[in-house]
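Please read the structure below before turning to the comments.
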Amino acid sequence: MNNRLTVLAGPTAVGKGTISTYIRQNHPAVWFSVSATTRPRRPGEVDGVHYHFLSDDDFDALIAAGQLLEYAVVHGRHRYGTPSAPVQEKLDAGVPALLEIDLQGARQVKEKMPDARFVFLAPPSWDELVSRLTGRGTESAEEQERRLATAKRELAAESEFDVTIINDHVRTAAEELLSLMGISTSD
Numbered sequence: 001m002n003n004r005l006t007v008l009a010g011p012t013a014v015g016k017g018t019i020s021t022y023i024r025q026n027h028p029a030v031w032f033s034v035s036a037t038t039r040p041r042r043p044g045e046v047d048g049v050h051y052h053f054l055s056d057d058d059f060d061a062l063i064a065a066g067q068l069l070e071y072a073v074v075h076g077r078h079r080y081g082t083p084s085a086p087v088q089e090k091l092d093a094g095v096p097a098l099l100e101i102d103l104q105g106a107r108q109v110k111e112k113m114p115d116a117r118f119v120f121l122a123p124p125s126w127d128e129l130v131s132r133l134t135g136r137g138t139e140s141a142e143e144q145e146r147r148l149a150t151a152k153r154e155l156a157a158e159s160e161f162d163v164t165i166i167n168d169h170v171r172t173a174a175e176e177l178l179s180l181m182g183i184s185t186s187d
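Quick note: the sequence shown uses the working numbering, first residue 1, plus one each step.
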């Protein structure tokens with residue numbers, strides 16, 4: 001296994017969470033960082049499992065203490081960040097670690113950990129990305145428009161990454177990511 005940190009980023013609704021869920025369910029040896037966020041919990045999300053849901057004050061305290069590897073305001077509204085200590089502990093222990101984060105966060109990680117592997121998850125097409133976002137039904141029409149505007153900017157940053165994976169099929173994309181991490185996907 002290659003225990004270099006792997007950073008997975010891409011536009012909203014591209015399927016980062018779906019790919020991560022597939023890997024969690026089928027390859028438990030891969031450790032996933034649990035991000036902190038100030039956004040409200042979505043139905044079915046569990047604090048400490050999907051995210052650490054924090055107040056603005058608690059998030060500010062993590063920043064002030066230097067305890068975030070990266071943090072960013074996403075879609076102009078909510079903050080997300082990666083607690084640094086768990087990431088370093090896993091890397092030091094030789095555990096394959098995967099960060100599923102947004103573009104802003106990936107850029108900050110690249111400054112602090114340039115040897116990490118940066119993977120851009122891309123949609124098969126713009127129309128498919130729009131369909132995925134509107135089909136989720138988790139955001140208002142106004143929020144969908146905000147996210148699509150962000151997605152256009154994020155897609156333009158693909159060249160900043162080491163490799164691009166097209167997410168046209170969950171299993172195929174997940175196995176391509178695992179292969180990059182040096183993890184066998186054969187049964």
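All C-beta atoms in this analysis are idealised placements derived from N, C-alpha and C, irrespective of residue type, glycine included.
Check	Outcome
Backbone secondary structure at Thr21 - three-state DSSP	helix
Unbroken stretches of the alpha helix (DSSP H), 4 residues or longer, contained in the stretch 66-135	84-92 and 103-112
Local conformation of Thr185 per DSSP, three classes	coil
Cβ distance (whole Å) where Leu91 is taken to contact Ala97 below 8 Å	6 Å
Straight-line gap, Phe161 to Glu100 (C-alpha atoms, nearest Å)	14 Å
CB of Asp47 within 8 Å of CB of Arg39, strictly	no
Per-residue DSSP class, three states only, for Phe161	coil
Closest residue to Asp168 among Ala156, Leu155 and Pro123 (Cα-Cα distance)	Pro123
Heavy atom of the ligand ATP within 7 Å of Glu143 beta-carbon	This structure simply doesn't include the ligand ATP, nor any ligand for that matter.
The stretch 64-73 contacting the stretch 103-114, beta-carbon criterion three pairs below 8 Å	yes
Given 8 Å, three or more beta-carbon pairs between the stretch 5-19 and the stretch 139-152	yes
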